[in-house]
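Input: a single structure, listed below in structure tokens.
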Amino acid sequence: MPEHGTVRSVLVLGAGPQACRALTELGLRVVLVDPDPGTVTTDPEFADATYVEPLTPESVENVIARERPDALLPALHGRAALDTAVALHEAGTLDRYGVRLLGADAGALHRAAEAVGAGVDRAGAVHGGRRYGLQLLSDRNGATEVVCSFETFDLPGGGTITVAPARTPTTRVYEMLRDVGRSVVREIGAGAGGRTLWCAVHPESGGVTVLDVDPRGAREAALVACATGLPMAGICAELAVGRTLDETSVRSRPAPGHVAVRAVAPSGAEALAVGHTFTGALHEALTCVASDVIDGGRTGTDPWLAEQLAVIRKVADEVAAAPELTGELMDEAKRHGFRDRRIGELRGLREDVVREIRYALGVRSVPPVLGPDRCRDGRGPAAGPTKPVVIVLGRNDGASAALRAARHETVVVGRAPMPPSPDWDERAADRFYCAPLTTEAVLEVVHAERRGGPVAGVCVQFG
7 MPEHGTVRSV LVLGAGPQAC RALTELGLRV VLVDPDPGTV TTDPEFADAT
57 YVEPLTPESV ENVIARERPD ALLPALHGRA ALDTAVALHE AGTLDRYGVR
107 LLGADAGALH RAAEAVGAGV DRAGAVHGGR RYGLQLLSDR NGATEVVCSF
157 ETFDLPGGGT ITVAPARTPT TRVYEMLRDV GRSVVREIGA GAGGRTLWCA
207 VHPESGGVTV LDVDPRGARE AALVACATGL PMAGICAELA VGRTLDETSV
257 RSRPAPGHVA VRAVAPSGAE ALAVGHTFTG ALHEALTCVA SDVIDGGRTG
307 TDPWLAEQLA VIRKVADEVA AAPELTGELM DEAKRHGFRD RRIGELRGLR
357 EDVVREIRYA LGVRSVPPVL GPDRCRDGRG PAAGPTKPVV IVLGRNDGAS
407 AALRAARHET VVVGRAPMPP SPDWDERAAD RFYCAPLTTE AVLEVVHAER
457 RGGPVAGVCV QFG
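To convert, take the position in the sequence shown, counting from 1, and add 6; that gives the numbering used here.
Shown next, in the form of structure tokens:
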């Protein structure tokens, strides 16, 4: 039973179906306010009441007056949700209606600001240093778990690359970051839920500088969810209403071994890719934002990142110059994120011709599977399904849930989730293959699913 035993209804600001479903399964009445009609799920399975309203103090107060919730949960969306909650707290609105603030203590927001970079040269710490982040989860008993690390690289000419888990920290550096993260969370007392910490490690002294503390579900939550396979939104919601870390799946679920990369181009375009290797995920993310960083020729790239980009260029040269495409070369190209289309461009061949050659060589490139069921991610045996399999192209939680209710095993193919929605609703589908909707990716998923039994069909469009 959650600590907040008096809480029977929760007003959630801008969260997706996963968080709402987690709260519903705990026996709570869920009221959802979301400003984006394109992301709102009105199915009563996800929320008992849904309001398409802007996340402003005025509009949320109107919902509070009408629904009279026991608690407000703002820390699963973005800055607007958190700012609205703080404004309602400072104006006395929450006290007036007897609404408890969950997941982000208002006083902790000010303490977090004081804990950031106190008495240090932040610019000096960042220049030439490594920038790391930690995603942490805390429960009502004060227990804190470091869920995942990540790090950010600046690209020449603008843009960034962020990867989870972090690739460059030594064991000593990681232990320092972990200790700093736990100390900061204890100091600010931010309450139960998810926290994000950004740090810089000085290149000479090795000292750690805290750059920022985010006592809410930050944009890195989607990155971390893809890298760990954890349902971050649902877990944060459970912790916020009083469950402990031991009562969630944080410590019981095995690590999937995925690498998640978010690329942001100078134009502002961004993409989140997941792969079995760092270079594979990096190549896919940069391809999605049409970045020319892989081509090289620019100065100012982080030396470690430059080495990884050089590996991709080396494989491209090998593919272009090889007398013929061998199984070993094709497998290497796939591990480093080369699509059939790109291989065709390097060889002067059509994409379908490359695919036929790859099939003949017995090389497959099954996309990673997010969530608990990873039996068909290309790294393990495929267990036979107990129900007919239907593949849904593009994320549609309502359609997936309807197919499951009709006794079909539902498989979704789509891009990785992007902020402000931190992750997918794993309970709405049996498997979620994280991949762009290309001919190659869909055919690979069909192949992987057929290893376990017949595929009943592919659903292309809803609505």
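Each residue gets a CB set at the ideal place from its N, CA and C atoms; glycine is no exception.
From a predicted model like this one, the values you see are computed outputs, not experimental measurements.
Listed in chain order, the non-local C-beta contacts of residue 79 below 6 Å within the same chain comprise 16, 18, 108, 109 and 246, local neighbours out to five positions each way being set aside. Nearest neighbour of residue 362 by Cα position, chosen from 373, 346, 376 and 372, turns out to be 346. Sequence-distant partners of residue 420 (beyond 5 residues in either direction) whose C-beta falls short of 6 Å from its own C-beta, in its chain, are 400 and 401.
Below 8 Å, too few C-beta pairs join the stretch 332-352 and the stretch 232-246 to call them touching: fewer than three. Under DSSP, residue 276 forms a beta bridge with 270. Cβ contact annotation for residue 448 (same chain, cutoff 7 Å, sequence separation greater than five): 399 and 419, in chain order. Contact between the stretch 19-28 and the stretch 227-239 is established, with three or more Cβ pairs separated by less than 8 Å. Residue burial is scored here from C-beta neighbours: residue 176 has fewer than 16 other C-beta atoms within 10 angstroms and is therefore classed as exposed. Taking a 10 Å sphere around the C-beta of residue 56, we find 16 or more other C-beta atoms and assign the residue as buried.
Counting the other CB atoms within 10 Å of its CB gives residue 102 a total below 16, which places it among the exposed residues. The alpha-carbon of residue 58 is positioned some 33 Å away from that of residue 194.
Per DSSP, the unbroken beta strand (DSSP E) holding residue 15 starts and ends at 15-19.
Cβ neighbours of residue 149 within its own chain (closer than 6 Å, five residues either side excluded): 251.
Taking C-beta atoms as the reference points, residue 73 and residue 94 fail to come closer than 8 Å.
Take the alpha-carbon of residue 404 and the one of residue 229: they are about 23 Å apart. Less than 8 Å separates the beta-carbon of residue 286 from that of residue 341. In the DSSP annotation of this structure, residue 159 is not part of any alpha helix (DSSP H); the continuous beta strand (DSSP E) holding it starts and ends at 150-160.
Looking at the DSSP output, residue 417 bridges to 397 and 437. Residue 142 has 152 and 201 as its beta-bridge partners, per DSSP.
Taking C-beta atoms as the reference points, residue 203 and residue 140 count as a pair closer than 8 Å.
Residue 92 places its beta carbon 8 Å or farther from that of residue 61.
Contact check for residue 205 against residue 422 fails: the beta carbons are separated by 8 Å or more. The same chain holds no residue with a CB closer than 6 Å to that of residue 293 once the five nearest residues on each side in sequence are set aside. Straight-line measurement puts the Cα of residue 145 at about 22 Å from the Cα of residue 156. A Cβ-Cβ distance of about 6 Å is found for the pair residue 300 and residue 315, placing them in contact under the 8 Å criterion. When the Cα atoms are used, residue 71 and residue 249 turn out to be separated by approximately 28 Å.
As a beta-bridge residue in DSSP terms, residue 218 pairs with 204. With contacts defined by Cβ atoms closer than 8 Å, residue 374 and residue 280 form a contacting pair.
Under the DSSP assignment, residue 85 falls in the alpha helix (DSSP H) whose first and last residues are 85-96. Looking at 442, 466 and 180, the one whose alpha-carbon comes closest to that of residue 136 is 180. If you draw a 10 Å sphere on the C-beta of residue 64, you find fewer than 16 other C-beta atoms in it, and that means exposed. Take residue 266, set aside five residues on each side of it, and the residues of its chain with a beta-carbon closer than 6 Å to its own are 170, 229, 232, 233 and 280, in chain order.
Annotation for residue 53: no alpha helix (DSSP H) segment contains it, and DSSP assigns it neither H nor E.
Under the DSSP assignment, residue 167 falls in the beta strand (DSSP E) whose first and last residues are 166-170.
Residue 439 is positioned such that its CB atom lies closer than 8 Å to that of residue 451. DSSP places residue 34 in no beta strand (DSSP E); its state is neither H nor E.
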